[in-house]
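As structure tokens, the structure follows; a few thoughts come after it.
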Amino acid sequence: MHRETFEPRARRRARAAVCLLALAPAPNIGWADDEDEVGSLEQIVITATRTPTLIGDEPLRVEAVPAEEIEENLTVQPGNLTSLLNELPGVRVQSTAPGLGGAGLQLRGMPARDTLVLTDGLPLLGAEPDAFGLLQTPPLDLKRVEVIKGAASALYGGSALGGVLNLVSQTADSEPGILANVTSRGGRDLVGFFTGKGSSRWSGTLTAGVHDQSREDIGGEGWADMPGYRRYTLRPRVWWNAGEARSLFLTAGITNEDREGGTLPGRVLPDGSVFAEALHTRRLDGGAVSHWALGGGFALDGRVSFTSTHLDRTFGTRRIASSQTTAYGEETLSGSSRGHSWVLGVAFEHDALNAEAVPGVSYGYNVPAVFVQDEVAPTAWLKVAGTARVDVHNDYGKFFSPRLSALFRQPGSAWSLRASVGGGFAPPTPFVDEIEATGLGSLVPLRGLHAERAVTESLDAKWADDGWDVNVSLFNSEIRDPIQARNAPEQKLQLINAPGPRRAPGAEVLIRYVSGPLQIIGSWSAINATETAPSGRRQEAPLVPRQSAELGLILESGKRGRVGVEAGHTGRQAIEDDPYRSVGRAFFELNALGEIRFGGVSIFLNAINLTDVRQTRFDPLIRPTLGPGGNPISDVWAPLDGRTFNLGVRAEL
Numbered sequence: 038m039h040r041e042t043f044e045p046r047a048r049r050r051a052r053a054a055v056c057l058l059a060l061a062p063a064p065n066i067g068w069a070d071d072e073d074e075v076g077s078l079e080q081i082v083i084t085a086t087r088t089p090t091l092i093g094d095e096p097l098r099v100e101a102v103p104a105e106e107i108e109e110n111l112t113v114q115p116g117n118l119t120s121l122l123n124e125l126p127g128v129r130v131q132s133t134a135p136g137l138g139g140a141g142l143q144l145r146g147m148p149a150r151d152t153l154v155l156t157d158g159l160p161l162l163g164a165e166p167d168a169f170g171l172l173q174t175p176p177l178d179l180k181r182v183e184v185i186k187g188a189a190s191a192l193y194g195g196s197a198l199g200g201v202l203n204l205v206s207q208t209a210d211s212e213p214g215i216l217a218n219v220t221s222r223g224g225r226d227l228v229g230f231f232t233g234k235g236s237s238r239w240s241g242t243l244t245a246g247v248h249d250q251s252r253e254d255i256g257g258e259g260w261a262d263m264p265g266y267r268r269y270t271l272r273p274r275v276w277w278n279a280g281e282a283r284s285l286f287l288t289a290g291i292t293n294e295d296r297e298g299g300t301l302p303g304r305v306l307p308d309g310s311v312f313a314e315a316l317h318t319r320r321l322d323g324g325a326v327s328h329w330a331l332g333g334g335f336a337l338d339g340r341v342s343f344t345s346t347h348l349d350r351t352f353g354t355r356r357i358a359s360s361q362t363t364a365y366g367e368e369t370l371s372g373s374s375r376g377h378s379w380v381l382g383v384a385f386e387h388d389a390l391n392a393e394a395v396p397g398v399s400y401g402y403n404v405p406a407v408f409v410q411d412e413v414a415p416t417a418w419l420k421v422a423g424t425a426r427v428d429v430h431n432d433y434g435k436f437f438s439p440r441l442s443a444l445f446r447q448p449g450s451a452w453s454l455r456a457s458v459g460g461g462f463a464p465p466t467p468f469v470d471e472i473e474a475t476g477l478g479s480l481v482p483l484r485g486l487h488a489e490r491a492v493t494e495s496l497d498a499k500w501a502d503d504g505w506d507v508n509v510s511l512f513n514s515e516i517r518d519p520i521q522a523r524n525a526p527e528q529k530l531q532l533i534n535a536p537g538p539r540r541a542p543g544a545e546v547l548i549r550y551v552s553g554p555l556q557i558i559g560s561w562s563a564i565n566a567t568e569t570a571p572s573g574r575r576q577e578a579p580l581v582p583r584q585s586a587e588l589g590l591i592l593e594s595g596k597r598g599r600v601g602v603e604a605g606h607t608g609r610q611a612i613e614d615d616p617y618r619s620v621g622r623a624f625f626e627l628n629a630l631g632e633i634r635f636g637g638v639s640i641f642l643n644a645i646n647l648t649d650v651r652q653t654r655f656d657p658l659i660r661p662t663l664g665p666g667g668n669p670i671s672d673v674w675a676p677l678d679g680r681t682f683n684l685g686v687r688a689e690l
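Adding 37 to a residue's 1-based position in the sequence shown gives its number in our numbering.
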């Protein structure tokens, strides 16, 4: 199912399923297999915090989507990560370039541009991923997804003001396989994951995909609600391991995509004009991660990566070519002494944008940094972690980013409590949502901007016992001098620092219950994101739902398959510069999923958005006149594709 134009909150782990019951009646399925018991999330070793630690022992709150949940979501959207990344409360995949189906990742109401996306700890999508990077990443080779919410500049510098998403890949010990999928909206996917082992020390994997989507005018306005695309992806990975003492990981990636939206043949806008939208993406990346034990408990760890992305964007009559390059290097020395686990590190990041056709937009940032991290447990019930980092930006000066976290947990207790506070920064770049939607050609030269600064706080309580896992979080984020877009003459946009802060206080609840083959998940989140308009008036931040909730139930057998149901609610959200409304309507979705297994072959059939919610049922998508930056359509706050079915097969090799 290709939901690249919009991915609502109702996309999480307990995928629903009823469609294949006719093929495998429930009385004969035999659900109660011992192997179906879901392992505790507390046993996951997370790596996004630089010191590999059991997630239950980490003072900093890290949320993880393990392999079992990735496998369930894989059959819903084999071609991209949007379904999978809506797994956790407070995480929202929001449309940022609706004309071409682009999307960004909001963490707890923070702007999507402030989320750093890592692949195996490397920024392979760039220092600031564009609106299409997540959509161009198939999840077939994923082992785990780790999420750190809130300012994480102390860990990763100015690219992580809103948080970090780390995609951890499968190794050659995993099962190889091929997945093919078709949708009722003209989508097709073919993805393969292949493994190989050479000598006792060498191993490798290869992931390759072909993805295709036809242009679809679902609302009947003559506009491509679902843009068409053809995409090819290729990613080899190689590991060299000499026990636990030394290791080397190498990876490279190629993405080639042509995407087309806009008015359909023979159709025009209200002013009688044809409007073209297209994007050609060519991305190359490569990276390496090394580990070298020095003896005496000391170790050297290094990371290096390079990414080059070339974009050719057509928006109406404007055609702009641009290229973005990111080079990253880091070396750390770690060790343990007197109860302290510490890390000392140096890093360097180069981030450059070249858009010759747009004056005053190109930039080249060089940022060396030093950082230190320490974890200590002064008592049996308290563990504290602190990180501090200094970045020296070639254009915006020095930045100090601290973070302090604490874990309170009595040994043997079902309760734990985490508290965290952190600060961060982000240098100005042109990639705000409005520019992602209209392209760099709508931007006037950047002048007089200064860096954003943020502070985030969170308090997280957890109770886990007898199949239950309950998490409650309270949090607050504040960005000072946030970058905003405002209208400029000749249908252009100008970036400014807002006169007041952006604030996003909120709360989350996630409840999970597992009993044999039965799994139930319920979640609720509330975020009151506000910002200051250029006039100085306080207002709700656009496209951040005030509340969202979901309830899902699934039955799963490791031998026979899975079935379940899911219901999701997305609450009201503010909308900016919309000719039809200022507040989006709340809506309800019902989803279904079914999968049946025959040995190493699985057949799946999903029904998504059975309630057939579509934004074009409430309002037109096309504006009566062009909007900010010359945009012919309004922002997307609800699904555009409506009810969708997808059918596919997955085979282990």
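Where a beta carbon is used, it is the ideal one built from N, C-alpha and C, also for glycine. Note that the structure is predicted; figures quoted are calculated from it, not measured.
When the Cα atoms are used, what is the spatial distance from residue i to residue j?
i, j, result
"lysine 420", "isoleucine 564", "29 Å"
"glycine 323", "glycine 339", "14 Å"
"valine 600", "leucine 642", "10 Å"
"glycine 459", "valine 492", "6 Å"
"alanine 364", "aspartate 388", "7 Å"
"glycine 280", "serine 399", "46 Å"
"arginine 583", "arginine 609", "6 Å"
"alanine 688", "threonine 86", "35 Å"
"tryptophan 379", "phenylalanine 625", "47 Å"
"threonine 208", "glycine 246", "18 Å"
"glycine 195", "proline 396", "25 Å"
"proline 579", "isoleucine 533", "17 Å"
"proline 676", "arginine 222", "13 Å"
"glycine 25", "proline 661", "Nothing can be reported for residue 25, as the shown portion of the chain is limited to 38 through 690."
"tyrosine 193", "leucine 306", "44 Å"
"isoleucine 291", "glutamine 361", "15 Å"
"glycine 573", "glutamate 515", "17 Å"
"valine 546", "threonine 344", "37 Å"
"leucine 592", "glycine 485", "57 Å"
"alanine 191", "serine 639", "44 Å"
Among the options, which one has its Cα closest to the Cα of residue i?
i, options, result
"proline 467", "Glu367, Gly476, Ser371", "Gly476"
"leucine 91", "Leu690, Ser240, Asp678, Glu183", "Glu183"
"tryptophan 561", "Arg225, Ala586, Asp428, Gly478", "Ala586"
"alanine 525", "Gly93, Pro273, Thr607, Glu471", "Glu471"
"leucine 511", "Lys186, Gly257, Gly223, Ser374", "Lys186"
"serine 132", "Gln361, Arg150, Pro126, Gly116", "Arg150"
"glycine 141", "Glu100, Gly199, Leu321, Arg517", "Gly199"
"proline 571", "Ile357, Gly589, Ser438, Gly537", "Gly537"
"proline 616", "Asn403, Gly631, Trp276, Pro669", "Pro669"
"glycine 559", "Pro126, Pro96, Pro89, Gly93", "Pro126"
"leucine 301", "Arg320, Arg272, Pro264", "Pro264"
"glutamine 447", "Ala422, Leu441, Pro415, Asn431", "Pro415"
"leucine 216", "Ala168, Ser237, Asn110, Glu314", "Asn110"
What does a CB cutoff of less than 7 Å around residue i pick up in its chain, not counting 5 residues either side in sequence?
i, result
"tryptophan 329", "Arg283, Ala336, Leu337"
"leucine 663", "Gln528, Pro669"
"alanine 69", "Only weak support exists for where alanine 69 lies, its pLDDT of 33 falling under 50; the coordinates are left without a value."
List the whole-angstrom C-beta distance separating residue i from residue j, where the pair is believed to meet the contact cut-off of C-beta under 8 Å.
i, j, result
"leucine 172", "threonine 119", "7 Å"
"arginine 225", "aspartate 249", "5 Å"
"phenylalanine 408", "glycine 382", "5 Å"
"serine 479", "glycine 667", "6 Å"
"phenylalanine 230", "aspartate 157", "Rounded, the Cβ-Cβ distance is 15 Å, inconsistent with contact."
"isoleucine 107", "proline 176", "6 Å"
"proline 405", "phenylalanine 436", "That pair is no contact at about 12 Å."
"valine 673", "proline 135", "4 Å"
"threonine 288", "arginine 274", "5 Å"
"valine 201", "leucine 153", "5 Å"
For residue i, which residues from the same chain have a beta carbon less than 8 Å from its beta carbon, with the 5 sequence-adjacent residues on both sides left out?
i, result
"alanine 61", "Residue confidence is low: alanine 61 scores 29 on pLDDT, short of 50, so the model does not pin down where it sits. No coordinate-derived value is stated."
"aspartate 649", "Gly679, Arg680"
"alanine 451", "Trp500, Ala501, Asp502"
By Cβ distance below 6 Å, which residues in the same chain neighbour residue i in space, the five residues on each side in sequence not counted?
i, result
"valine 507", "Trp500, Ile548"
"tryptophan 276", "Ser240, Phe286"
"leucine 271", "Ala245, Ile291"
Under 8 Å, Cβ to Cβ, is there at least one residue of chain D near residue i?
i, result
"arginine 87", "Here chain D cannot be found, since the structure has a single protein chain."
request  = Could you name each continuous beta strand (DSSP E) segment of 3 residues or more that falls completely within the segment 143-211, going from the start of the chain to the end?
outcome  = Qualifying beta strand (DSSP E) stretches, in chain order: 152-156, 179-186, 200-206.
ask   = Which full runs of the beta strand (DSSP E) of 3+ residues lie inside the segment 613-662, going along the chain?
value = 624-635, 638-645
Those runs of the beta strand (DSSP E) which lie wholly inside the segment 500-564 and span at least 3 residues = 505-517, 520-525, 529-534, 543-552, 555-564
query = Which ranges does the alpha helix (DSSP H) cover as unbroken runs of at least 4 residues, wholly within the segment 430-496, from first to last along the chain?
reply = 470-475
task = Jot down the residue ranges of each uninterrupted alpha helix (DSSP H) in the segment 258-336, minimum 4 residues, whole runs only, in chain order.
result = none
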